[in-house]
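Scroll down for the structure; my scribbles are underneath it.
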Amino acid sequence: MTDLDLLLNRASDPTEFERWLDLARSTGWCERPVRLAGTTHQIDPGTGEILYSYTTAAEPDGHLLKACGTRRATVCEPCSATYRADAWHLIAAGLRGGKGVPEDTATHPTLFVTLTAPSFGPVHSQREESGSGQMCRPRRTPPCWHGRPAHCRQTHQPDDALLGEPLCHDCFDYTRAVLWNAHATELWRRTTIGIPRELAKAMGVGSSRFEDHARVSYAKVVEYQDRGLVHLHVVIRLDGPSGHRLQQTGVGLHPQVLAGARRHRRELPSVQSHAQQGSTQSTRELQPQPVRATRRHPHPQRAFAAAADRPADAVDGFKRLGRKA
Ligand SMILES: [Zn+2]
Ligand SMILES: [Zn+2]
Ligand SMILES: [Zn+2]
59 MTDLDLLLNR
69 ASDPTEFERW
79 LDLARSTGWC
89 ERPVRLAGTT
99 HQIDPGTGEI
109 LYSYTTAAEP
119 DGHLLKACGT
129 RRATVCEPCS
139 ATYRADAWHL
149 IAAGLRGGKG
159 VPEDTATHPT
169 LFVTLTAPSF
179 GPVHSQREES
189 GSGQMCRPRR
199 TPPCWHGRPA
209 HCRQTHQPDD
219 ALLGEPLCHD
229 CFDYTRAVLW
239 NAHATELWRR
249 TTIGIPRELA
259 KAMGVGSSRF
269 EDHARVSYAK
279 VVEYQDRGLV
289 HLHVVIRLDG
299 PSGHRLQQTG
309 VGLHPQVLAG
319 ARRHRRELPS
329 VQSHAQQGST
339 QSTRELQPQP
349 VRATRRHPHP
359 QRAFAAAADR
369 PADAVDGFKR
379 LGRKA
């Protein structure tokens with residue numbers, strides 16, 4: 059029987075269709091449910107009596123449906139939405155306490171950090187100032203050496219296919235852009251090792267004893283920018299060793315501490331040897347900023363929550379950082 063025959067059979071049988079609807083609903087309308095087939099028996103260990111049996115043979119198409127559970131919106135939108143909602147609550151608890159997180163968490167030193175790739179060449183982008191759209195690249199500059207204009211006087215809308223496209227495909231450094239994406243995970247891993255090390259140094263303790271004095275947790279959102287590059291939003295929180303507020307005074311999550319962690323960028327030999335010219339200064343654009351209101355982010359926590367709510371590649375709840383620092 060073809061898939062079409064199965065589908066028509068199911069749709070023409072009201073009982074079968076109702077059951078299929080129930081199963082599909084129970085997966086949260088997953089777009090690519092896992093189709094399970096088989097039999098289970100519940101047996102009384104004392105008597106060997108079969109208490110309950112279940113077989114998928116009686117289910118529509120002979121399968122039980124289970125949600126795929128992916129966190130990737132490109133794979134399955136409904137499952138990633140469920141995951142995002144869960145992650146949102148975990149992140150919110152990590153910022154304000156509750157759900158097993160100490161209530162004084164909201165008073166712990168916290169940084170909202172955005173990690174962005176450096177420029178690999180000018181691209182069309184959406185600009186905004188005081189809520190209104192601005193021209194992409196209004197400044198009249200000489201054309202690039204391929205003779206293409208280096209300015210763009212359009213005001214791009216969010217659905218503009220030009221967004222993220224290089225102004226000149228020959229000028230854009232695709233090699234380094236690809237290398238950035240390929241190394242983003244490793245760069246973040248090294249940053250997570252570097253931060254506790256820098257903190258340990260600031261506290262005057264050996265990095266192997268850092269966890270006796272403090273701990274660092276983070277939640278991150280990974281997303282793709284219009285130009286196709288991986289981009290991270292991270293909330294980093296500094297706690298005392300028990301998870302409560304750090305007692306040691308004079309030590310905080312200063313941007314300088316994060317800046318110290320940036321030095322690990324130079325330890326990426328594969329990027330440097332493959333790049334066409336110079337080095338990929340991978341974390342050059344690390345922009346640490348304390349969680350506080352700015353003109354651009356009047357409510358940074360909300361900005362992060364909004365980022366966590368967008369279809370992103372991955373959203374994590376709060377995790378301990380640098381356990382093996
Ligand atoms: Zn799914
Ligand atoms: Zn443009
Ligand atoms: Zn060019």
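Under the numbering used here, residues 59 to 383 are what the sequence shown spells out, in order. All C-beta atoms, glycine included, are put in the ideal place defined by N, C-alpha and C.
When DSSP states are grouped into helix, strand and coil, GLY191 belongs to the strand group. DSSP places VAL279 in the uninterrupted beta strand (DSSP E) bounded by 273–282. GLY106 and VAL293 have their C-alpha atoms spaced approximately 54 Å apart.
By DSSP's assignment, ASP297 forms a beta bridge with ARG273.
SER300 is classed as exposed because its beta carbon has fewer than 16 other beta carbons within 10 Å across all chains shown. Here DSSP, grouped into helix, strand and coil, assigns PHE75 to helix. In the DSSP assignment, THR165 falls outside any alpha helix (DSSP H) and carries neither an H nor an E. In this structure, the straight-line span from the alpha carbon of ARG68 to that of LEU79 is close to 10 Å. When only Cα atoms are considered, TYR232 and THR165 end up about 43 Å apart. Straight-line spacing of the CA atoms in HIS121 and PHE230 works out to 50 Å. Here LEU64 has ASP119 as same chain residues with Cβ atoms under 6 Å from its own Cβ, once five neighbours each way along the sequence are excluded.
Between GLU117 and ARG154, the CB-CB gap reaches or exceeds 8 Å. DSSP places LYS124 in the strand class (E or B) of the three-state scheme.
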